[in-house]
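In mature numbering (1 follows the signal peptide of the UniProt record, and there is no 0), the protein residues as written are -20 to -1, 1 to 311.
Structural data, given as C-alpha cells:
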C-alpha cells in the first residue's frame, strides 16, 4: 500500500474514534440530565407528601384538647409548630398530677385508703358514746345487804338491758329476736328502793306489797329454795325474771296492755326490768325457813297500760346525753 493511503486510513480511524467518544459523552450527559430530572421529581413529590402530611397532622385534634379527661389546675399542653402534634412538657406533665392539687385521682403517697372511707360511710352510723367516770359503787346503811351484792344486782340489770337495746341477741319466743331500742336508760342502785324492798321481806311475806306501801316503785318477787347461797339467790331470781321474754314472748311493738298482767305465761317481771325509763333499782332478801324471799323495787316503775316497754328504732338515737359502752343512755 502506498504511504498516502496508509495515512488516510489512520486519519479515518482517529476521526471515527473521536466521533464515537462524542456520542458516548452525549449519551452520558443525557442520562445524567434524565437522572437529575427524575431526582428533582422525586424530591418534589417527597416535598408535596411532607406538606400534605404536615397539613393532615395539623388538622387532627390532640389528646390535650380532649375535654373528656380531667386534669389538674397545673397541667398544660404545648403544640409544636414543627410537626403539628401536641407534646406535654415534663414539668407540667398531665400523666403525673401533683398530689397537692389533685382531687380527682389517688396517689400512693397521699392515699389514706379511699376504700376504707367508702366502707365507713356505707355502714350504719355508730351511736354517739360518751366516756364518763362510773357512778360510785352502791353503799347503803342497811347491813343486811352487802355492797358486793348490790353491785352484782346493778351490773346484772345493766348487762341485760344493754343486750336488749342492741336488738341482736335477746330471743323473743314466737317473735324472733327482740328489736333494738332508741332510748333505754342506764340504771343506778337506789338505797331508797332498797328500803322499800326490806319492808317487803321483813316478815317473810311471799306476796307483793299493796301499791300504797311501795311509794313510786313497782315490785318483783321471787321465792328460791334455801340450799342456795345469797349470790345464787340473786342470780336465780334475776335470770328467771329476765328469761320470761325468751320463754313466754312479747309482741314486737313492745306495747304493754292491761291483759299482760293476767297472762297465763307471765311477762310482767321482765317488763319491769326492761322498762326504758326505769332508772333506779334496789333489792332485799331474807331466809325464811326452807326458802329465800328475794324482791326488787323499780322506780319509776313501768308497766303502764298502753305504754311502751321501749320504743323500737335505731340504737341510742334518742339519747340526748349520749350512751355508754353498753349502749344505755346516760342521765
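Note that CB positions come from ideal geometry on N, CA and C, so glycine has one too.
Exposure label - residue 197; buried when at least 16 CB within 10 Å:
buried
Candidates 237, 120, 262 and 165: which alpha carbon is nearest residue 306's?
165
How would you call residue 237, buried or exposed, if buried means at least 16 neighbouring beta carbons within 10 angstroms?
exposed
Residue 156 to residue 123 span [Cα, whole Å]
43 Å
Answer yes if the stretch 218 to 233 comes into contact with the stretch 245 to 255, meaning at least three C-beta pairs across the two stretches below 8 Å, and no otherwise.
yes
Mind checking residue 194: buried by the 16 CB within 10 Å criterion, or exposed?
buried
I'd like the list of long-range same chain contacts for residue 174, defined as Cβ closer than 7 Å, with 5 residues on each side in sequence excluded.
120, 122, 125, 262, 263 and 264
Report the CB separation of residue 200 from residue 260 in whole angstroms; it is logged as a contact under 8 Å.
The pair is not a contact, with the Cβ atoms about 14 Å apart (cut-off 8 Å).
When burial is assigned at 16 or more other CB atoms within 10 Å of the CB, is residue 300 buried or exposed?
exposed
Own chain, CB closer than 8 Å to residue 46, minus 5 neighbours either side, in chain order:
Any answer about residue 46 is weak, because its pLDDT of 42 lies below 50 and its placement is not dependable; what the coordinates show is given next. If we look at residue 46 and ignore the five residues flanking it on each side, it has no Cβ neighbours.
What residue range does the alpha helix (DSSP H) around residue 203 cover?
Unbroken run through residue 203 is the beta strand (DSSP E), 198 to 205; no alpha helix (DSSP H).
Using CA atoms only, rank isn't needed, just tell me which of 159, 116, 184 and 149 is closest to residue 269.
184
Assuming residue 211 contacts residue 132 (C-beta within less than 8 Å), just tell me the rounded distance between them.
7 Å
Considering only C-alpha positions, which residue in the set 290, 274 and 235 is nearest to residue 162?
290
By the 10 Å Cβ neighbour count, where 16 or more other Cβ atoms means buried, how is residue 314 classified, buried or exposed?
Residue 314 is absent from the structure shown; the chain starts at -20 and stops at 311.
Test item: CB-CB of residue 116 and residue 134 under 9 Å
no
Look at the Cβ atom of residue 266, then the Cβ atom of residue 181, and state whether they are nearer than 9 Å.
yes
Please report the Cβ distance between residue 141 and residue 167, rounded to the nearest whole angstrom; I am assuming they are in contact, meaning their Cβ atoms lie under 8 Å.
7 Å
Once DSSP output is grouped into helix, strand and coil, what is the label at residue 147?
coil
Classify residue 136 as helix, strand or coil using the three-state DSSP reduction.
helix
Could you compute how far the alpha carbon of residue 187 sits from the alpha carbon of residue 275?
10 Å
I need the DSSP call for residue 177, collapsed to helix, strand or coil.
helix
Using a Cβ-Cβ cut-off of 6 Å (strictly less than) and excluding sequence neighbours within five positions of residue 218, which residues of its own chain qualify?
136
With 9 Å set as the bound, which would you pick, yes or no: does the beta-carbon of residue -11 sit closer than that to a beta-carbon of chain B?
This model lacks chain B altogether; it includes just one protein chain.
Helix, strand or coil for residue 296 per DSSP?
coil
May I ask which residues mark the beginning and end of the beta strand (DSSP E) holding residue 267?
260 to 268
Considering only residues of the same chain and omitting the five flanking positions on each side of residue 158, which have a CB-CB separation below 7 Å?
144, 147, 150, 152 and 225
Comparing alpha-carbon positions, which option in -8, 176, -11 and 254 lies nearest residue 292?
254
Tell me the DSSP secondary structure of residue 275 in three-state form.
strand
So is residue 243 buried or exposed if we call it buried at 16+ other beta carbons inside 10 Å?
exposed
Residue 208 - DSSP class collapsed to helix/strand/coil
coil
Taking residue 257 as part of the alpha helix (DSSP H), name the residues at either end of that continuous run.
Counting along the chain, residue 257 falls outside any alpha helix (DSSP H), and DSSP gives it neither H nor E.
Straight-line Cα distance separating residue 190 from residue 207:
29 Å
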